[in-house]
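Number of protein chains: 2
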Amino acid sequence: MNSESNIKVLLAARPKGYPRNEDFLVIESEIPKIKEGELLVKIDWLSLDPYMRGRMNDVKSYAPSVEVGDVMVGGAVGTIIESRTSLFSKGEIVEGSFGWQSYALSNGVGLRKINPDLGPIQSSIGVLGMPGLTAYFGLLDVCQPIAGDTVVVSAASGAVGQIAGQIAKIMGCRVIGTAGTNEKVQFIVDELGFDAGINYKTENVGTSLNSACPDGIDIYFDNVGGFVTDEVIKRINTGARIAICGQVSQYNLEEPELGPRNLFHLTKSQAKMEGFLVFAYEARYDEALHRLSKWINQDKLKYKEDIVEGIRNAPQTFIGMLNGENLGKTLIKVS
Amino acid sequence: MNSESNIKVLLAARPKGYPRNEDFLVIESEIPKIKEGELLVKIDWLSLDPYMRGRMNDVKSYAPSVEVGDVMVGGAVGTIIESRTSLFSKGEIVEGSFGWQSYALSNGVGLRKINPDLGPIQSSIGVLGMPGLTAYFGLLDVCQPIAGDTVVVSAASGAVGQIAGQIAKIMGCRVIGTAGTNEKVQFIVDELGFDAGINYKTENVGTSLNSACPDGIDIYFDNVGGFVTDEVIKRINTGARIAICGQVSQYNLEEPELGPRNLFHLTKSQAKMEGFLVFAYEARYDEALHRLSKWINQDKLKYKEDIVEGIRNAPQTFIGMLNGENLGKTLIKVS
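Residue numbers (the numbering used here), protein chains in the order written: chain A, 179 to 513; chain B, 179 to 513.
Structural data, given as structure tokens:
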């Protein structure tokens with residue numbers, strides 16, 4: 179074992195319910211040998227996101243499952259340490275789906291070059307990457323906010339929620355976030371400027387929504403599902419827009435959870451509910467990244483990262499994130 | 179009591195669960211006296227529709243509740259027997275929200291003149307009225323069908339469902355309907371030309387959907403909700419459109435029914451679900467009526483009515499309709 183090995187995190191078993199450490203296997207192997215047309219990346223930062231839980235299941239979804247024995251999937255950013263393709267050079271920073279490992283080979287397809295002079299390179303897998311783009315298109319395109327609208331964001335301190343809520347504020351909306359600790363609620367209100375926050379674990383969500391949204395709810399950006407979403411749906415206004423970005427409350431259930439069949443609220447409110455994936459908006463990523471960067475530079479958009487060092491800690495950190503132990507965007511500092 | 183009295187059906191009590199005969203009160207009163215600016219209509223046909231169940235509850239919705247002691251609301255068509263307004267003449271046929279009674283006064287607001295030469299006047303409260311318009315805008319505007327799409331319609335033999343399904347056929351879609359008796363299933367397939375029908379009371383809906391929709395489901399026009407909708411949602415394709423027109427399976431429940439929290443299907447399929455009310459499309463009723471009439475004349479659109487004679491039979495007929503005892507559009511022939 180030396181520092182020159184490739185540390186990989188494999189899917190060891192398909193989890194039942196919440197993943198456990200035993201569902202992952204950390205191994206060391208040789209740094210892969212580069213071939214003509216390839217490049218070798220030393221990973222600097224790995225993104226950990228709730229969607230990865232879905233990839234651990236053997237069910238049909240929008241992307242293939244990870245096979246047992248394979249490296250866990252994930253977005254990462256790193257430095258090219260060797261290149262045998264004319265499109266990329268040694269020393270360049272690239273972002274891509276490199277997985278949970280410390281080195282990765284690539285033929286360059288799907289990689290994005292990152293300019294390190296524009297900010298911390300890990301923002302390419304955060305506010306200026308998949309989570310930021312998801313928030314941007316979900317809030318602006320799916321929810322179509324108008325100044326003065328009341329917007330509720332669930333998992334509001336998370337990687338996507340914090341950006342979605344702040345974009346709604348930039349658009350002139352009244353923004354209420356739900357989160358699972360008082361610290362998170364305080365963060366979204368005091369540091370991000372949300373108008374109110376609700377701790378869904380300690381408060382009566384219905385009562386708190388009544389107080390925080392006296393004029394009802396025009397937009398709901400949903401990352402969690404479950405009973406929080408049930409309470410929001412009861413309170414939507416005519417013409418409400420609901421973006422189903424994620425349903426993290428449901429990802430670790432062994433049996434489907436039951437809830438009220440409440441779709442008639444959509445009828446009587448003439449409301450729309452739409453599930454979306456960020457990939458559908460790929461042709462407009464440049465537009466979104468330009469605006470997000472501008473808002474960051476104008477100090478209108480803040481971004482909280484929750485950083486853990488060491489790729490070996492990825493499984494435990496991922497499990498903790500699914501249990502709500504993070505505050506902000508979860509990142510592994512790989513090297 | 180004589181034939182010149184006004185027979186009215188009042189809401190006697192707010193139903194718990196399915197309405198019973200005792201929740202209605204049939205009374206005879208004098209034919210109302212007309213004043214300047216008013217017209218008096220002798221009702222010929224009364225429409226009975228599932229939405230009326232919602233009006234019997236004391237809850238906030240898109241339209242006011244009927245108060246206990248008031249005449250039940252409902253669309254009807256009748257003949258003007260006296261007019262003291264220059265806008266309407268004696269003998270004209272008018273459609274409006276006259277309620278469950280045999281005579282009605284009106285100031286003319288919201289009335290629509292019906293040309294009896296164009297077809298049976300009761301079509302103005304059916305295929306060429308609210309149910310037909312609901313099907314037209316729900317299917318074409320909310321669901322945006324493309325030829326070749328697989329379309330599922332629930333309550334497919336009902337007033338709205340039969341039209342929605344036939345419009346989908348006209349648009350070149352493959353259309354599957356669900357209904358609650360073999361007779362209804364046979365009707366939509368043999369007489370209306372649906373590609374397949376599923377008896378949701380006797381078949382395993384999931385298995386039957388698998389057989390009838392081997393390529394998944396692109397469009398769902400939902401009138402019922404509940405477990406039929408759960409099974410459809412599991413099988414939607416990428417980009418699916420779901421119109422929530424009604425949720426009749428839920429209207430008579432004393433406690434909200436529980437079902438799987440299944441909104442993540444919307445995310446992974448990037449699907450839209452939209453509740454709608456026909457009134458939002460009022461500016462385009464002429465467009466819709468023109469097309470619906472044309473399709474009827476071309477024999478592309480058929481329409482089944484379930485006619486019961488006598489306003490006194492309205493309560494029992496309404497209760498029967500909520501229990502699925504009708505086949506087609508439920509009408510009361512008042513006079």
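For every residue, glycine included, the Cβ atom is placed at its ideal position computed from N, Cα and C. These numbers come from a predicted model, not from an experiment.
Compare the beta carbon distance of A/Gly286 and A/Gly253 with 9 Å and say whether it is the shorter of the two. Taking the first residue of the first sequence as position 1, residue 286 of chain A is located at position 108. Taking the first residue of the first sequence as position 1, residue 253 of chain A is located at position 75. Not in contact: A/Gly286 and A/Gly253 (Cβ atoms no closer than 9 Å).
Excluding five sequence neighbours on each side, which residues of the same chain lie with their C-beta closer than 7 Å to the C-beta of A/Asn491? Residue 491 of chain A sits at position 313 when you count from the first residue of the first sequence. Around A/Asn491: Ile510.
Tell whether a beta-carbon distance below 9 Å holds between B/Thr257 and B/Lys220. Position 79 of the second sequence, counted from the start, is the residue given in the question as residue 257 of chain B. Position 42 of the second sequence, counted from the start, is the residue given in the question as residue 220 of chain B. For B/Thr257 and B/Lys220, yes; Cβs fall inside 9 Å.
Helix, strand or coil at B/Asn184 according to DSSP, with G and I counted as helix: Here residue 184 of chain B is taken as the residue at index 6 of the second sequence, counted from 1. It is a strand residue.
Whole-angstrom C-beta distance between B/Arg419 and B/Ile397, which should lie under 8 Å: Walking along the second sequence from the start, residue 397 of chain B turns up at place 219. Walking along the second sequence from the start, residue 419 of chain B turns up at place 241. Contact between B/Ile397 and B/Arg419 holds: their C-beta atoms lie close to 5 Å from each other, under 8 Å.
Taking only beta-carbon atoms, is A/Phe519 less than 9 Å away from chain B? With chain A running from 179 to 513 in the structure shown, residue 519 of chain A is simply not present.
Where do the ends of the beta strand (DSSP E) carrying A/Gly375 lie? Translated into positions along the first sequence, residue 375 of chain A becomes position 197. Start and end: 374-377.
Endpoints, the alpha helix (DSSP H) within which A/Phe442 is located: Translated into positions along the first sequence, residue 442 of chain A becomes position 264. Here the alpha helix (DSSP H) through A/Phe442 covers 442-446.
Would a check of beta-carbon distances place A/Gly195 closer than 9 Å to chain B? Taking the first residue of the first sequence as position 1, residue 195 of chain A is located at position 17. By this cut-off, A/Gly195 is not an interface position.
Closer than 9 Å to chain A by CB, B/Arg231: As a working note, residue 231 of chain B is residue 53 in the second sequence. Closer than 9 Å: no.
Can you give me the start and stop residues for the alpha helix (DSSP H) that B/Arg233 sits inside? Counting from one through the second sequence, the residue named residue 233 of chain B turns up at place 55. Per DSSP, B/Arg233 is one residue of the alpha helix (DSSP H) stretching across 229-233.
Is there a Cβ from chain B that is less than 9 Å from the Cβ of A/Thr445? Counted from its first residue, the first sequence places residue 445 of chain A at position 267. Taking Cβ atoms only, chain B reaches closer than 9 Å to A/Thr445, which makes this a yes.
Give me the chain A residues within the contact set of B/Glu200, using Cβ-Cβ distance strictly less than 8 Å, ordered along the chain. Within the second sequence, numbered from 1, the residue matching residue 200 of chain B stands at position 22. None at all; the shortest Cβ gap to chain A is about 26 Å.
Of the residues B/Tyr229, B/Trp473, B/Lys507, the one placed nearest B/Ala346, counting alpha carbons only: Position 168 of the second sequence, counted from the start, is the residue given in the question as residue 346 of chain B. Residue B/Trp473 is the option with its Cα nearest to B/Ala346.
Length-filtered (3 minimum) beta strand (DSSP E) runs lying within the region 277-328 of chain B: DSSP runs (the beta strand (DSSP E)) wholly in the region 277-328 of chain B: 281-284, 290-292.
Identify the residues that DSSP records as bridge partners of A/Gly355: which are they? By one-based count along the first sequence, residue 355 of chain A stands at place 177. Bridge pairing for A/Gly355: A/Val331, A/Gly375 [DSSP].
Residue range of the beta strand (DSSP E) that A/Pro438 falls in? Working through the first sequence from its first residue, we reach residue 438 of chain A at position 260. Looking at the DSSP string, the run of the beta strand (DSSP E) that includes A/Pro438 is 436-438.
Quick one: which chain A residues come within Cβ less than 8 Å of B/Pro434? What you label residue 434 of chain B is simply residue 256 of the second sequence in a count that begins at 1. Ordered by position in chain A, the residues that pass the 8 Å Cβ test against B/Pro434 are Pro438, Arg439, Asn440.
So, B/Leu218 versus B/Gln344, is the Cβ gap smaller than 9 Å? Mapped onto the second sequence, residue 218 of chain B falls at position 40. Mapped onto the second sequence, residue 344 of chain B falls at position 166. No, these two residues do not count as a Cβ contact at 9 Å.
Please compile the residues from chain B whose C-beta is within a distance smaller than 7 Å of the C-beta of A/Tyr240. In the first sequence, residue 240 of chain A corresponds to position 62, counting from 1. Within 7 Å of the CB of A/Tyr240, the CB atoms of chain B belong to Lys446, in sequence order along the chain.
Length-filtered (4 minimum) alpha helix (DSSP H) runs lying within the region 398-431 of chain A: For the region 398-431 of chain A, whole alpha helix (DSSP H) runs of length 4 or above, ordered along the chain, are 404-411.
Spatial distance of A/Val244 from A/Leu188 (CA atoms): In the first sequence, residue 244 of chain A corresponds to position 66, counting from 1. In the first sequence, residue 188 of chain A corresponds to position 10, counting from 1. Rounded to whole angstroms, the gap between the alpha carbons of A/Val244 and A/Leu188 is 9 Å.
In the structure shown, what three-state DSSP assignment does A/Met499 receive? For the purposes of this step, residue 499 of chain A is taken as residue 321 along the first sequence, with counting starting at 1. DSSP, read as helix, strand or coil, puts A/Met499 in helix.
I'd like to check one pair, B/Arg439 with A/Leu436: are the Cβ atoms closer than 9 Å? What you label residue 436 of chain A is simply residue 258 of the first sequence in a count that begins at 1. What you label residue 439 of chain B is simply residue 261 of the second sequence in a count that begins at 1. Yes. Within cutoff.
Residues bridged to B/Leu509 (per DSSP): Against the second sequence, residue 509 of chain B aligns to sequence position 331. Partner(s): B/Ser225, B/Ile485.
For the alpha helix (DSSP H) containing A/Val271, name the first residue and the last one. In the first sequence, residue 271 of chain A corresponds to position 93, counting from 1. The question names Val, yet the displayed sequence has Ile at residue 271 of chain A. A/Ile271: not part of any alpha helix (DSSP H); member of the beta strand (DSSP E) spanning 271-274, first to last residue.
Looking at the C-beta of A/Ala191, does it have a partner C-beta in chain B at a distance below 9 Å? The residue labelled residue 191 of chain A in the question sits at position 13 within the first sequence. Chain B contact via Cβ: absent.
For a contact meaning CB atoms closer than 8 Å, what does B/Met451 contact in chain A? Here residue 451 of chain B refers to the residue found at position 273 when the second sequence is read from its first residue. The answer, in chain order, is Leu441, Leu444, Lys450, Met451, Glu452.
Using a 10 Å radius around the Cβ and a threshold of 16 neighbouring Cβ atoms, would you call B/Ile414 buried or exposed? Walking along the second sequence from the start, residue 414 of chain B turns up at place 236. Flag for B/Ile414 reads buried.
Considering only the alpha carbon of each residue, which of A/Ala390, A/Glu381, A/Thr416 lies closest to A/Phe405? Sequence index remark: in the first sequence, residue 405 of chain A carries index 227 (1-based). Comparing C-alpha distances from A/Phe405 to each of A/Ala390, A/Glu381, A/Thr416 shows the shortest one belongs to A/Glu381.
Quick one: which chain A residues come within Cβ less than 8 Å of B/Gln425? Taking the second sequence and counting its residues from 1, one reaches residue 425 of chain B at position 247. Scanning chain A for C-beta atoms nearer than 8 Å to the C-beta of B/Gln425 yields Arg439, Leu441, Phe442, Thr445, reported in chain order.
Find the residues of chain A that neighbour B/Gln364, judging by a C-beta separation of less than 7 Å, and give them in chain order. Working through the second sequence from its first residue, we reach residue 364 of chain B at position 186. Here the premise fails: no neighbours, minimum Cβ distance about 29 Å.
Quick one: give me the first and last residue of the beta strand (DSSP E) that A/Leu387 is part of. Against the first sequence, residue 387 of chain A aligns to sequence position 209. Unbroken run through A/Leu387 is the alpha helix (DSSP H), 383-390; no beta strand (DSSP E).
Would you say B/Asn504 reaches chain A, if we count a Cβ-Cβ gap shorter than 9 Å as a contact? For this step, residue 504 of chain B is matched to residue 326 along the second sequence. Using beta-carbon distances, B/Asn504 does not count as an interface residue toward chain A, since no partner is under 9 Å.
In or out: A/Glu487 buried (at least 16 other Cβ within 10 Å) or exposed? Here residue 487 of chain A corresponds to residue number 309 of the first sequence, with the count starting at 1. Burial check for A/Glu487: the Cβ neighbour count within 10 Å stays below 16, so the residue is exposed.
Buried or exposed (CB count within 10 angstroms, at least 16 for buried), B/Met179: As a first step, residue 179 of chain B must be located in the second sequence, where it is residue number 1. Residue placement at B/Met179 is poorly supported in this model, since its pLDDT is 39, which falls under 50; the coordinates are not used for a value here.
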